[in-house]
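Working notes for the structure below.
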Amino acid sequence: MTFSIAIAGKGGSGKTTTCALILRELIQRRMTPILAVDADGNANLHESMGLRPHETIGSVIDKFNGDKINLPQGMNKGSYLRLRLSKAIAESHGVDLISMGHGAGSGCYCYPNSILKEFIDALRPNYKFIVMDNEAGMEHLSRGTTDGIDMLLIASDYSVKGIRTAARIRQMVDELKLDVKESSFILTRVPDALDGRVVEELDTLGINPAAFIPRCAEIERFDLEQQSLLDLPDTSPAAVVIAQLLKNILERTGRAA
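FYI, in the numbering used here the residues of the sequence shown are 30 to 286.
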């Protein structure tokens with residue numbers, strides 16, 4: 030059965046980097062095939078993975094809306110849309126990627142999110158793991174994309190505001206009664222010593238992070254050089270912490286190889 034991991038948090042909380050490092054660790058463990066999902070309209074997970082998708086969900090919907098009056102003979106709208114969506118999968122060794130992206134038009138992302146969720150559900154049986162990078166903030170939670178998730182990682186950067194946003198995301202997951210089996214907090218870009226005010230805020234909100242992901246010069250260098258984080262060396266401090274985090278998740282959920 031497919032195991033799904035989603036990452037949520039405010040903008041700049043390190044969601045995409047965390048997502049890429051989880052993918053890297055799963056590949057290292059040979060726990061493939063994996064489906065990576067970039068559910069952010071401002072898609073950039075592909076850059077952290079070194080992939081170049083030719084299509085996104087948004088661009089496929091735009092083209093479909095333009096082409097749907099000229100459907101191929103004998104094909105209904107649903108079948109034609111599924112065919113077009115299949116071309117939005119960027120394939121690589123061990124991990125494939127689909128991206129939300131955005132269309133040429135304006136308006137709510139509810140419909141693209143609905144299409145994305147249906148597409149993920151259809152693809153689910155083909156993969157051992159699904160790893161989803163969500164858009165910033167909390168609005169996406171109400172669209173249901175982050176629903177049916179085995180592990181939700183709520184990311185906060187090293188700031189009081191980030192921690193408070195993370196707490197609100199947890200509260201919203203509960204209020205919306207989303208189908209999330211388990212959730213944990215992670216703190217990113219953490220210095221060697223925690224400031225007392227950060228510790229106090231974590232205690233006040235009842236947050237006990239499952240991982241403190243340190244600031245990592247190698248990640249910054251990889252970003253500047255536009256290298257894939259999937260190639261980050263095992264010695265990277267952030268990679269070491271993610272490896273332990275994933276090990277704990279897999280063992281606790283009975284997924285360890």
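C-beta atoms are modelled at their ideal positions from N, C-alpha and C, and glycine is treated no differently.
{"Item": "Gly41 - DSSP class collapsed to helix/strand/coil", "Value": "coil"}
{"Item": "Enclosing alpha helix (DSSP H) for Thr201 [first to last residue]", "Value": "Looking at the sequence shown, residue 201 is not Thr but Met. Per DSSP, Met201 belongs to the alpha helix (DSSP H) from Val189 to Glu204."}
{"Item": "Three CB pairs or more closer than 8 Å across the segment 220–228 and the segment 247–257", "Value": "no"}
{"Item": "Classification of Ala285 by the beta-carbon crowding that lies within 10 angstroms, buried from 16 upward", "Value": "exposed"}
{"Item": "Neighbourhood of Met161 by C-beta, 6 Å cutoff - its chain only, sequence neighbours within 5 removed", "Value": "Ala35, Val66 and Ala68"}
{"Item": "With 16 other Cβ atoms within 10 Å as the buried cut-off, status of Gln200", "Value": "exposed"}
{"Item": "Selection from Leu112, Cys48 and Asn71 that minimises the alpha carbon distance to Leu64", "Value": "Cys48"}
{"Item": "Three-way DSSP call (helix, strand, coil) for Met180 in this model", "Value": "strand"}
{"Item": "Thr11 (DSSP reduced to helix, strand or coil)", "Value": "This structure leaves residue 11 out entirely; the chain is present only between 30 and 286."}
{"Item": "Option in Asn94, Lys157 and Glu76 with minimal Cα separation from Ala119", "Value": "Glu76"}
{"Item": "Own chain partners of Ser212 with C-beta closer than 8 Å, once the 5 adjacent residues on each side are dropped", "Value": "Met180, Leu181, Leu182, Ile183, Arg199 and Val202"}
{"Item": "CA-to-CA distance, Gly79 to Gln256, given in whole angstroms", "Value": "7 Å"}
{"Item": "CB-CB length for Ser128 against Thr85, believed under 8 Å", "Value": "5 Å"}
{"Item": "Whole-number beta carbon distance between Tyr187 and Val228, since they are thought to touch under 8 Å", "Value": "Wrong, their Cβ atoms sit about 11 Å apart, outside the cutoff."}
{"Item": "Host beta strand (DSSP E) of Pro243 (start-end)", "Value": "Ala240 to Pro243"}
{"Item": "Bridge partner(s) assigned by DSSP for Ser212", "Value": "Leu181"}
{"Item": "Ile159 - containing beta strand (DSSP E), residue span", "Value": "Phe158 to Asn163"}
{"Item": "Beta-carbon contacts of Phe148 that lie in its chain and below 6 Å, excluding the five residues immediately before and after", "Value": "Leu114"}
{"Item": "Buried or exposed by the 16-neighbour rule on C-beta atoms within 10 Å, applied to Asn163", "Value": "buried"}
{"Item": "7 Å CB neighbourhood of Thr45 in its chain, flanking five on each side removed", "Value": "Asn73, Leu74, Ser77 and Asp162"}
{"Item": "Contact belief for Pro154 with Gly87 at Cβ below 8 Å, rounded distance in angstroms", "Value": "Contact doesn't hold; Cβ gap of about 25 Å is too wide."}
{"Item": "Buried versus exposed call for Arg218 [16 or more other C-beta atoms within 10 Å across all chains shown]", "Value": "buried"}
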